[in-house]
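Number of protein chains: 2
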Amino acid sequence: MRALFAEWVAQSGFGLTVDALGSMWVRRPGLEDHLPPVVIGSHLDTQARGGRFDGILGVLAGLEVLRSLEDAGYKTRRPIEVVNWTNEEGARFSPPMLASLVFSGGMAPDAAEDRRDPAGIRFGDALDAIGARGTVSPLAKPVDACFELHIEQGPALDAAKVPVGIVTGGFAMSGRRLRITGRTAHVGPTPMMHRSNALVGAAAAALAVDELGWRYAPEQGKSTAARLDLRPNLPGIISDEADLWVDYRHPDPARLADMDADLEAALTDCARRTRTRIEIAERWGFGGFSFDADLVSLLKDTAQALSIPAVEMLSQAGHDAYHVAKVAPAVMIFTPCIGGITHNEAENIDRDMTLPGIRLLMEAVVARANR
Amino acid sequence: MRALFAEWVAQSGFGLTVDALGSMWVRRPGLEDHLPPVVIGSHLDTQARGGRFDGILGVLAGLEVLRSLEDAGYKTRRPIEVVNWTNEEGARFSPPMLASLVFSGGMAPDAAEDRRDPAGIRFGDALDAIGARGTVSPLAKPVDACFELHIEQGPALDAAKVPVGIVTGGFAMSGRRLRITGRTAHVGPTPMMHRSNALVGAAAAALAVDELGWRYAPEQGKSTAARLDLRPNLPGIISDEADLWVDYRHPDPARLADMDADLEAALTDCARRTRTRIEIAERWGFGGFSFDADLVSLLKDTAQALSIPAVEMLSQAGHDAYHVAKVAPAVMIFTPCIGGITHNEAENIDRDMTLPGIRLLMEAVVARANR
Chain P
1 MRALFAEWVA QSGFGLTVDA LGSMWVRRPG LEDHLPPVVI GSHLDTQARG
51 GRFDGILGVL AGLEVLRSLE DAGYKTRRPI EVVNWTNEEG ARFSPPMLAS
101 LVFSGGMAPD AAEDRRDPAG IRFGDALDAI GARGTVSPLA KPVDACFELH
151 IEQGPALDAA KVPVGIVTGG FAMSGRRLRI TGRTAHVGPT PMMHRSNALV
201 GAAAAALAVD ELGWRYAPEQ GKSTAARLDL RPNLPGIISD EADLWVDYRH
251 PDPARLADMD ADLEAALTDC ARRTRTRIEI AERWGFGGFS FDADLVSLLK
301 DTAQALSIPA VEMLSQAGHD AYHVAKVAPA VMIFTPCIGG ITHNEAENID
351 RDMTLPGIRL LMEAVVARAN R
Chain L
1001 MRALFAEWVA QSGFGLTVDA LGSMWVRRPG LEDHLPPVVI GSHLDTQARG
1051 GRFDGILGVL AGLEVLRSLE DAGYKTRRPI EVVNWTNEEG ARFSPPMLAS
1101 LVFSGGMAPD AAEDRRDPAG IRFGDALDAI GARGTVSPLA KPVDACFELH
1151 IEQGPALDAA KVPVGIVTGG FAMSGRRLRI TGRTAHVGPT PMMHRSNALV
1201 GAAAAALAVD ELGWRYAPEQ GKSTAARLDL RPNLPGIISD EADLWVDYRH
1251 PDPARLADMD ADLEAALTDC ARRTRTRIEI AERWGFGGFS FDADLVSLLK
1301 DTAQALSIPA VEMLSQAGHD AYHVAKVAPA VMIFTPCIGG ITHNEAENID
1351 RDMTLPGIRL LMEAVVARAN R
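Structural data, given as structure tokens:
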């Protein structure tokens, strides 16, 4: 992906620099090239079993904006840069959105390089192994504005047959790693009343998490029991340790706090019923914020001027733009994905439903770059 | 373990042969050495997170019987052999009780060598790597009688302060590998009603399995959700595939059949509630049989003659003697394990509560070897 993208950038004649965390920066100079650039950014990496458009569409749309301006011989006042952020998905190295997190000051570059995959390989070493590490600082530089175009990853735009979502902010999200502790024992002779099976505790917690999502579903709340690691996880022995990663989201941060409280109460009950210990071992979260109001207005006005049907909406997934928004004005454009299917190899888009969003991206970027 | 045992055998002056699956056979000749031997067998391997007595006690008790006869200068009519069966636990290579399974004709030696561990390493290659493969055939040879002494792995003997359990047969056991199928999707934007999470389906199945054990617990039934593998099992994506290994046991084979039926009905309900597909991908079982009546009588009579308190009981775990019983008269002796704690590093025994069982083993083996 990275090599192909670099090849396309070179063919288009743009300069490419790679920063120390592997993020790829393409630059089209401005007439006043010392001014902070307008940035178009998303990611080329994908999920295990993910599709071909999540992230990729936004990076390629950015490249196409630069090419179109080049084809038209059109100069902007400010430079425009397109960035492919490294490791947005977090499929191998957690956390997701790692490079944009570092860019925004949320994690030191050294700490990012020290993240390890399940096999114990360091993120920095993995970058070196594929020759993906550049020399430019991965920390924030002055940015005039940042735009991210992305497939919606939900069914709303596709269902309504509206080509553009103007993203005004993000759902509030809570992540938790639960640690469930039981006691190893033989699966055969151990009487039921002597058992404390971490898998059973984790199963109760996973169902409680799922139920939480259904309870808040009428308000667009949702929840996921996403990942479960058990030890020793063998057929002949009861497991004594489990880690369960859970994720829940709500458009309203206050209601997310209610979900937090509901979950904690439910976990106490799960632990009691399954005679295991259940603790919250790690907490994280993102979202629950608004994108830059000026950029939202710019997108609304531009869509209206171009007669592009658009709706305002919140993003439910995390995106690199969430982190960038902490250090620069940022906004997102959503385009439809068919049936809302994403993080799935069947993920797909319709070209005609996608072009209006890219047109809007170009016009808004140009307007901002000429500011 | 193997090297230490071989050293002790050599120090005691007994011959040691290793068969092609790595089982170690120690032989003390008889006066009529052409007669089929009396065999004392158990295993030296242990579980991940297992203890120091499960299996090991039975092998060392066998060696001690040979040493005691040697010390006393006592000759038996038949030869006596002690066997350390390879891979009883199945902690790395499934199925458990692999070498005794092959011995009894339940699996071809080639098929056993082709079993692979989770890293894809062949069992035969793993044997070669530690120099554990011998040349003798691993298939059954004529055996006069087989005795296995083992810790009970349950709390009954310890609670009753009775030193010996004479094992008349085995609980009936059913094993199932369930395959749960969902659909990958993003953990964020995917509406609850569009989700089909294999982890949630597996969690519902695991709780149903646990509930099954509680329902039959008053009749000594029990059940275990033992192992769960999920794919892709990552924080940002809903898993679409899960394998759940379950195990349930009952003293009465007819009631085990009722448990089979209850489980199938419960799984249909779990699949419906979690909107996943749940299939039984693999079935296996063991137990539900009686040990050799003559050997049971011999143990009862001998215990009575020696004034050793003993109770008759069923084994709830699987043991190598289960397989050997298909090709030769076999029986087991249980000794207490403290608190019934087993498959746990805290597994422990009391020496004074163990010696009567070993005494019984020796006397019964000698009686049979002189038959």
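Quick note, the sequences are listed as chains P and L, same order.
Quick note on the numbering used here: the first sequence kicks off at 1 and runs consecutively.
Quick note on the numbering used here: the second sequence kicks off at 1001 and runs consecutively.
Don't be surprised by glycine CBs; every beta carbon is placed ideally from N, CA and C.
Please read all numbers here as calculations on a predicted model, not as lab measurements.
Q.
Any beta carbon from chain L within less than 8 Å of residue 222(P)'s own beta carbon?
A. Mapped onto the first sequence, residue 222(P) falls at position 222. Closer than 8 Å: yes.
Q) Who are the Cβ neighbours of residue 1274(L) in its own chain at under 6 Å, not counting the five residues just before and after it? A) Residue mapping note: residue 1274(L) aligns to position 274 of the second sequence, counting from 1. Contacts found: 1200, 1201, 1204.
**Q.** Own chain partners of residue 168(P) with C-beta closer than 8 Å, once the 5 adjacent residues on each side are dropped
**A.** In the first sequence, residue 168(P) corresponds to position 168, counting from 1. If we look at residue 168(P) and ignore the five residues flanking it on each side, its Cβ neighbours are 290, 291, 296, 312, 313, 314.
Q: Buried or exposed for residue 1379(L), please, with buried defined as at least 16 other CB atoms from any protein chain shown within 10 angstroms of its CB.
A: The displayed coordinates of chain L run from 1001 to 1371. Any statement about residue 1379(L) would go beyond what the structure contains.
Q.
Rounded to whole angstroms, what is the Cα-Cα separation between residue 1246(L) and residue 1216(L)?
A. Taking the first residue of the second sequence as position 1, residue 1246(L) is located at position 246. Taking the first residue of the second sequence as position 1, residue 1216(L) is located at position 216. Taking the straight line from one Cα to the other gives about 15 Å.
Q | Residue range of the beta strand (DSSP E) that includes residue 150(P) | A | If you number the first sequence from 1, residue 150(P) lands on position 150. From DSSP, the beta strand (DSSP E) with residue 150(P) extends over 145-151.
(Q) Please list, in chain order, the chain P residues whose beta carbon lies closer than 9 Å to that of residue 1089(L). (A) Locating residue 1089(L) in the second sequence gives position 89, counting from the first residue. Within chain P, the residues near residue 1089(L) are 234, 236, 237.
Q | residue 269(P): first and last residue of the uninterrupted alpha helix (DSSP H) it sits in | A | Translated into positions along the first sequence, residue 269(P) becomes position 269. Looking at the DSSP string, the run of the alpha helix (DSSP H) that includes residue 269(P) is 253-274.
Q: Please confirm if residue 1043(L) has its CB atom under 8 Å from at least one CB of chain P.
A: One-based indexing of the second sequence puts residue 1043(L) at position 43. No, no contact with chain P.
Q: Answer yes or no: does any C-beta atom of chain P fall closer than 8 Å to that of residue 1163(L)?
A: To locate residue 1163(L), count along the second sequence from 1; it is residue 163. Not closer than 8 Å to any Cβ of chain P, the Cβ of residue 1163(L) fails to qualify, so no.
**Q.** Any C-beta of chain P under 8 Å from that of residue 1192(L)
**A.** In the second sequence, counting from the first residue as 1, residue 1192(L) sits at position 192. Chain P, which has a Cβ nearer than 8 Å to the Cβ of residue 1192(L), makes this yes.
Q) Under the rule that 16 or more other beta-carbon atoms within 10 Å means buried, what is residue 173(P), buried or exposed? A) Residue numbering aside, residue 173(P) sits at position 173 when the first sequence is read from its first letter. Answer is buried; the Cβ neighbour count reaches 16.
Q) Quick one: complete alpha helix (DSSP H) runs, 4+ long, within the segment 1166-1231 of chain L? A) 1198-1216
Q) In chain order, what residues of the same chain have a beta carbon less than 6 Å from the beta carbon of residue 209(P), not counting five sequence neighbours either side? A) In the first sequence, residue 209(P) corresponds to position 209, counting from 1. Taken in chain order, the residues that qualify are 223, 225, 246.
Q: Pull out every residue of the segment 1143-1163 of chain L whose Cβ sits closer than 8 Å to any Cβ of chain P, in chain order.
A: 1152, 1153, 1154, 1155
**Q.** the segment 127-137 of chain P / the segment 89-96 of chain P touching (three or more Cβ pairs under 8 Å)
**A.** no
Q.
With a threshold of 8 Å between beta carbons, is residue 184(P) in contact with chain L?
A. In the first sequence, counting from the first residue as 1, residue 184(P) sits at position 184. Residue 184(P) counts as touching chain L.
Q: Would you check if the distance between the CB atom of residue 390(P) and the CB atom of residue 198(P) is smaller than 8 Å?
A: With chain P covering 1 to 371 only, the question about residue 390(P) has no answer from this structure.
Q. Ends of the alpha helix (DSSP H) at residue 247(P)?
A. Sequence index remark: in the first sequence, residue 247(P) carries index 247 (1-based). Segment 241-250 is the beta strand (DSSP E) holding residue 247(P); no alpha helix (DSSP H) there.
Q: Give, in chain order, every residue of the segment 204-228 of chain P whose Cβ lies closer than 7 Å to some Cβ of chain L.
A: 204, 206, 207, 210, 213, 214, 217, 222, 224, 225, 226, 227, 228
Q. Which residues in chain L sit within 8 Å of residue 230(P), going by Cβ to Cβ distance?
A. Taking the first sequence and counting its residues from 1, the one referred to as residue 230(P) is at position 230. In chain order: 1227, 1228.
**Q.** Three-state secondary structure (DSSP) of residue 1358(L)
**A.** Walking along the second sequence from the start, residue 1358(L) turns up at place 358. Helix, per DSSP.
Q | Residues near residue 1006(L) in its chain [Cβ-Cβ closer than 8 Å; skip 5 each side] | A | Mapped onto the second sequence, residue 1006(L) falls at position 6. Around residue 1006(L): 1016, 1024.
Q. Hey, quick one: how far does the alpha helix (DSSP H) through residue 1372(L) stretch, first residue to last?
A. Missing from the structure shown is residue 1372(L); chain L here goes from 1001 to 1371 and no further.
**Q.** Interface residues of the segment 303-322 of chain P facing chain L [CB-CB below 9 Å]
**A.** 315, 316, 317, 318
Q: Output yes or no for whether 8 Å exceeds the beta carbon distance between residue 48(P) and residue 112(P).
A: Position 48 of the first sequence, counted from the first residue, corresponds to residue 48(P). Position 112 of the first sequence, counted from the first residue, corresponds to residue 112(P). Against a cut-off of 8 Å, the Cβ pair of residue 112(P) and residue 48(P) comes out as no contact.
Q: Report the residue from 1239(L), 1043(L), 1175(L) whose alpha carbon sits nearest the alpha carbon of residue 1250(L).
A: In the second sequence, the residue the question calls residue 1250(L) occupies position 250. If we check each option's Cα against that of residue 1250(L), 1175(L) comes out closest.
Q.
Contact criterion: CB-CB distance below 8 Å. Does residue 344(P) meet it with respect to chain L?
A. In the first sequence, residue 344(P) corresponds to position 344, counting from 1. It does; some Cβ of chain L falls within 8 Å.
Q. Excluding sequence positions up to five away, which residues of its chain have a Cβ less than 6 Å from the Cβ of residue 62(P)?
A. Here residue 62(P) is taken as the residue at index 62 of the first sequence, counted from 1. If we look at residue 62(P) and ignore the five residues flanking it on each side, its Cβ neighbours are 40, 82.
Q: Could you check how far apart the C-beta atoms of residue 324(P) and residue 42(P) are, in whole angstroms? I think they sit under 8 Å.
A: Here residue 324(P) refers to the residue found at position 324 when the first sequence is read from its first residue. Here residue 42(P) refers to the residue found at position 42 when the first sequence is read from its first residue. Not a contact, Cβ separation roughly 11 Å.
Q.
Please return the same chain residues whose Cβ sits closer than 7 Å to the Cβ of residue 44(P), not counting the five positions on each side in sequence.
A. What you label residue 44(P) is simply residue 44 of the first sequence in a count that begins at 1. Cβ within range, chain order: 1, 2, 5, 55, 56, 59, 84.
Q. Hey, how far is the Cα of residue 1277(L) from the Cα of residue 1240(L)?
A. The residue you call residue 1277(L) lines up with position 277 of the second sequence. The residue you call residue 1240(L) lines up with position 240 of the second sequence. Rounded to whole angstroms, residue 1277(L) to residue 1240(L) spans 10 Å at the Cα level.
Q.
Spatial neighbours of residue 1036(L) within its chain, please: C-beta separation below 6 Å, excluding the five flanking residues on both sides.
A. Looking up residue 1036(L) in the second sequence gives position 36. Excluding sequence neighbours, residue 1036(L) sits near 1142, 1143, 1144.
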